[in-house]
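In what follows, a single structure is set out as structure tokens and then discussed.
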Amino acid sequence: MTDVFTKKKRSEVMSLIKSRNTKPELFVRSFLHKKGYRFRLHQKNLPGKPDIVLKKYKTIINVNGCFWHHHQCGKYKLPKTNKKFWLSKLTNNRKRDLINNKKLKKLGWKVYNNWECRLTMKHLDNLLKKLSVI
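For the sequence shown, this note's numbering gives the first residue as 2, with consecutive numbering after it.
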């Protein structure tokens, strides 16, 4: 099935999708800030420009959207149009994430990936327990 938009319109629509400051990311940042953690955002000098950088703890917190990072959960659904393109793009996103995580770990960072579908207060409390051990 062909796209319902022209290439120009599709490009315009796709450009409106945010990659930073998403609702799930803001939720995690707000939670951490209320608990007294201070952090940096999207550090360009680190592989993959991680979402949240807790330099004091040498810890990275990524907040991954289930669709864009190809999470095999109930929220993830491959688009019905242009399946080959999307499968390739999303698979490459996931591979890129794994490579960046390996690079960060090699540099001595602890990396916590959090999926959009699992962001609950209980999950964040468990994350805090991990941070308090550090």
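Glycine is no exception: its CB is placed at the ideal position from the N, C-alpha and C atoms.
Looking only at its own chain, which residues have a Cβ that is under 6 angstroms from the Cβ of residue i, when we skip the five neighbours before and after it?
{"i": "Thr-60", "result": "Lys-111"}
{"i": "Glu-117", "result": "Pro-25, Gly-66, Cys-67"}
{"i": "Lys-130", "result": "none"}
{"i": "Val-64", "result": "Pro-25, Glu-26, Val-29, Asp-52, Asn-115"}
What residues in its chain sit with their C-beta under 7 angstroms from that of residue i, if we drop five residues either side in the sequence?
{"i": "Asn-94", "result": "Trp-69, His-70, His-71"}
{"i": "Ser-133", "result": "none"}
{"i": "Thr-92", "result": "His-71"}
{"i": "Gln-44", "result": "Lys-50, Pro-51, Val-54"}
{"i": "Lys-56", "result": "Arg-41"}
In whole angstroms, what is the alpha-carbon distance linking residue i and residue j?
{"i": "Phe-40", "j": "Leu-108", "result": "18 angstroms"}
{"i": "Leu-125", "j": "Asn-115", "result": "9 angstroms"}
{"i": "Thr-7", "j": "Lys-123", "result": "44 angstroms"}
{"i": "Lys-35", "j": "Thr-121", "result": "15 angstroms"}
{"i": "Tyr-38", "j": "Asn-127", "result": "15 angstroms"}
{"i": "Lys-90", "j": "Ser-31", "result": "30 angstroms"}
{"i": "Arg-21", "j": "Ile-62", "result": "13 angstroms"}
Could you tell me which residues DSSP pairs with residue i in its beta bridges?
{"i": "Asn-22", "result": "Bridge partners of Asn-22: none, in fact."}
{"i": "Val-64", "result": "Asn-115"}
{"i": "Val-54", "result": "Arg-41, Ile-61"}
Skipping 5 residues on each side, what residues in its chain have a beta carbon closer than 8 angstroms to that of residue i?
{"i": "Gln-73", "result": "none"}
{"i": "Arg-97", "result": "Gly-49"}
{"i": "Trp-87", "result": "Leu-79, Pro-80"}
Report yes or no: do the region 101–111 and the region 70–85 share at least 3 C-beta pairs separated by less than 8 angstroms? no
Those runs of the beta strand (DSSP E) which lie wholly inside the region 77–126 and span at least 3 residues: List check, beta strand (DSSP E) in window: 111–116.
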